[in-house]
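Structure record follows, encoded as structure tokens.
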Amino acid sequence: MPEPLTVSFPPAFLWGAATSAYQIEGAVREDGRTPSIWDTFSHTPGRTAGGDTGDIAVDHYHRYRDDVALMAELGLTAYRFSVSWPRVQPTGRGPAVQVGLDFYRRLVDELLAHGIKPAVTLYHWDLPQELEDAGGWPERETALRFAEYAHLVGEALGDRVEQWITLNEPWCSAFLGYGSGVHAPGRTEPLAALRAAHHLNLAHGLGVQALRSVLPPRGSVAVSLNSQVIRPLSQHPADLAAAVRIDDLANGVFHGPLLHGAYPATLLEATSSLTDWSFVRDGDLRDIRRPLDALGLNYYTPAVVSSVETAPEGPRSDTHGASAASPWPAADDIVFHQVPGERTDMGWTVDPDGLHQLIMRYTREAPGVPLYVTENGAAYEDKVDDDGRVRDPERVAYLHGHLAAVRRAIADGADVRGYYLWSLLDNFEWAYGYAKRFGAVHVDYATLARTPKSSALWYGRAARSGQLPPVDDIV
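Position 450 of the sequence shown, counted from 1, bears residue number 450 in the UniProt record's numbering, the numbering being contiguous throughout.
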């Protein structure tokens, strides 16, 4: 049942929004920044919708003060952003470029001056191109370089930033970047995807150690996983086995070593035709399983799977593009089905119960570890009305439903301490370019003017009151 509107969120609950560097900053050639894999990928013909790039994005690099003032005006209490690795350490090696770090120092100072708590994500997919040229995430060396980078940023900002996130959605980095090739660097190598997953895990563990060596005791270190809600199409044994296999590849490949110190045995068995996992060296699992101060969960939509042998005729899910390779190694005999229900502009089914399910799963799997919803949101075809307003009642309803699911999870015993709406601003949506708008704030890409949508105003009211206004309060 939906949470009653009169029930408040905990007083210390963080009401935030999230962004990432490549999607909003622009200024890709300023102050010593060098290309990341996303610069290279987006400038490769045919890789992004309309040939869009993040060269300018929404120019947050030059407009950050106005953007922070807008956050404060909306009533946000927290802001999650990522640091651009090639802006801070252009080659992925060596000393930091101080002018690059200075941008983030100024951003953090501006946030704190407005009473907004910063949360820093170290890696949101923008690997320095030089490290990819040396092999990228499938190579162990990249994990070692990440630890050095984490140390540099932690040392620079640790006196003012308490919340730290090592990696954002490592599943996407590994399986969309090296498996299906729909994300940078655009490789379609199933074995490389599995190697990348392990070295991302190792990077997280080494990054945790590096951060803790420089952060004060109050520093909190987490990781943000896009853990997926996988449902079998039926209770047929073949469908149940298919759900386990996809759950291993979507979730267990990361939370197994991160939380439990081992990869699932069923994952190792299912992928044995591709690899013997000999790239996992002695001591790796110990290094990966470092105690977490918090765990970030990113959620958008569930998935329904079946075995090929039991799959009925009907619509199939195709969220990665018909021409893309599969992002699921050793899972060619598994079918993804469309989840029934209302859909966003991404074609993703709106299912708040999945968020509640995910939170309760990690409440059980990571007892005692505080949880944050570090991404949740929806893309819709937003338009500016003649009166200059952007009314997005669909997004208001989406946020209401998912925040009610968060509150219900808290009532059920989950220690959820904050929610970060994705995203603060319309921005570069990776391979979709600028065609999909996730922002609570509309951006006119011709003028870069910002206009808060109805959802931003509604969310601001929720943040100020700690309660969910009715969905028709602001439309």
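Just so it is clear, CB atoms sit at the ideal spot from N, CA and C, and this is done for glycine as well.
Fair warning: this is a prediction, and the values are worked out from it, not measured in the lab.
Other residues of its chain near residue i: CB distance less than 7 angstroms, five sequence neighbours each side excluded
| i | result |
| --- | --- |
| P90 | G32, R33, T34, V97, P128 |
| A414 | I359, M360, T363, L371 |
| G357 | The identity of residue 357 in the sequence shown is Gln, whereas the question assumes Gly. So the qualifying residues of the chain are V229. |
| Y398 | V350, A378 |
| A143 | H199, L202, A203, L206 |
| A193 | A174, F175, Y178, G179, P329 |
| M346 | A379, K436 |
| R464 | G75 |
| E25 | A57, H60, Y61, S84 |
| G341 | T349, V350, D351 |
| I288 | N201, L202, H204, G205, P257, L258 |
Selection from the options that minimises the alpha carbon distance to residue i
| i | options | result |
| --- | --- | --- |
| G219 | T166, L240, G261, D239 | T166 |
| T271 | H62, Q209, A330, L292 | A330 |
| P367 | A303, L399, L259 | L259 |
| V68 | I56, A113, R29 | A113 |
| R389 | V406, R450, A378 | R450 |
| residue 509 | Y459, V99, S82, I24 | Because the chain in this structure spans residues 1 to 475, residue 509 falls outside the shown range and cannot be described. |
| L448 | H400, D102, Y61, D247 | Y61 |
| E269 | D248, V223, R286, F254 | D248 |
| F103 | A27, V339, T374, I334 | A27 |
| D353 | T77, D287, A404, S278 | A404 |
| R65 | G296, V108, L295 | V108 |
| V406 | E394, Y419, R395 | Y419 |
| S20 | V253, P393, N168 | N168 |
| W164 | R391, F9, A294 | A294 |
| Y299 | S224, R80, G283 | S224 |
| E130 | G92, S213, L267 | G92 |
| P213 | Y79, T374, D159 | It is worth fixing the name first, because residue 213 is Ser in this sequence and not Pro. The residue with the shortest Cα to Cα distance from S213 is D159. |
Inter-residue Cα distance where the pair is residue i and residue j
| i | j | result |
| --- | --- | --- |
| G321 | F175 | With a pLDDT of 49 at G321, under the threshold of 50, the modelled position of this residue cannot be trusted; read the value that follows with caution. If you take the alpha carbons of G321 and F175, they lie about 14 angstroms apart. |
| A17 | A456 | 10 angstroms |
| E155 | E148 | 11 angstroms |
| L152 | R245 | 38 angstroms |
| T319 | M71 | Because the pLDDT of T319 is 48, which lies under 50, any placement of that residue in the model is unreliable, and the question is left without a value. |
| E381 | N427 | 13 angstroms |
| A411 | Y459 | 21 angstroms |
| V83 | L211 | 14 angstroms |
| A196 | D387 | 49 angstroms |
| H402 | P170 | 23 angstroms |
| K453 | F279 | 48 angstroms |
| E73 | W348 | 31 angstroms |
| A325 | K383 | 34 angstroms |
| R47 | F41 | 6 angstroms |
| D55 | G433 | 12 angstroms |
| P45 | R187 | 15 angstroms |
| P237 | D333 | 14 angstroms |
| A265 | T275 | 14 angstroms |
Local conformation of residue i per DSSP, three classes
| i | result |
| --- | --- |
| Q467 | coil |
| Q235 | coil |
| A12 | coil |
| A18 | strand |
| residue 476 | As displayed, the chain neither begins before 1 nor continues past 475, which places residue 476 out of reach and without an answer. |
| T142 | helix |
| A405 | helix |
| R316 | strand |
| residue 544 | Since the first residue of the chain shown is 1 and the last is 475, residue 544 is not available in this structure. |
| H337 | strand |
| G296 | strand |
| Q89 | coil |
| A119 | strand |
| R461 | helix |
| Y445 | coil |
| R450 | strand |
| V28 | coil |
| G321 | With a pLDDT of 49 at G321, under the threshold of 50, the modelled position of this residue cannot be trusted, and the question is left open. |
Cβ neighbours of residue i in the same chain (closer than 8 angstroms, five flanking residues each side left out)
| i | result |
| --- | --- |
| R461 | G75, P469, D473, I474 |
| D239 | P232, L233, V305, S306, S307, T310 |
| L5 | Confidence is the limiting factor: at L5 the pLDDT is only 44, short of 50, which leaves the residue's position unreliable, though a coordinate-based value still follows. Answer for L5: Q467, L468, P469, P470, listed in chain order. |
Close beta carbons around residue i, own chain, < 6 angstroms, minus the five adjacent residues each side
| i | result |
| --- | --- |
| W38 | Y22, D126, A184 |
| V208 | V221, R290 |
| H86 | First, the residue type needs correcting, since residue 86 is Pro and not His in the sequence shown. Excluding residues within five positions, the ones whose Cβ falls inside 6 angstroms are R33, T34, S36, P128. |
Span of the beta strand (DSSP E) around residue i
| i | result |
| --- | --- |
| S306 | 303-307 |
| N376 | 371-376 |
| I165 | 163-168 |
| G136 | Per DSSP, G136 belongs to no beta strand (DSSP E) and is neither H nor E. |
| G418 | 416-422 |
Range covered by the alpha helix (DSSP H) that runs through residue i
| i | result |
| --- | --- |
| Q209 | 190-212 |
| H43 | No alpha helix (DSSP H) holds H43; DSSP gives it neither H nor E. |
| Q129 | 129-133 |
| V108 | 98-113 |
Near the ligand ADP: residue i beta-carbon under 7 angstroms from a heavy atom
| i | result |
| --- | --- |
| R87 | The ligand ADP is not among the ligands present in this structure, which contains no ligands whatsoever. |
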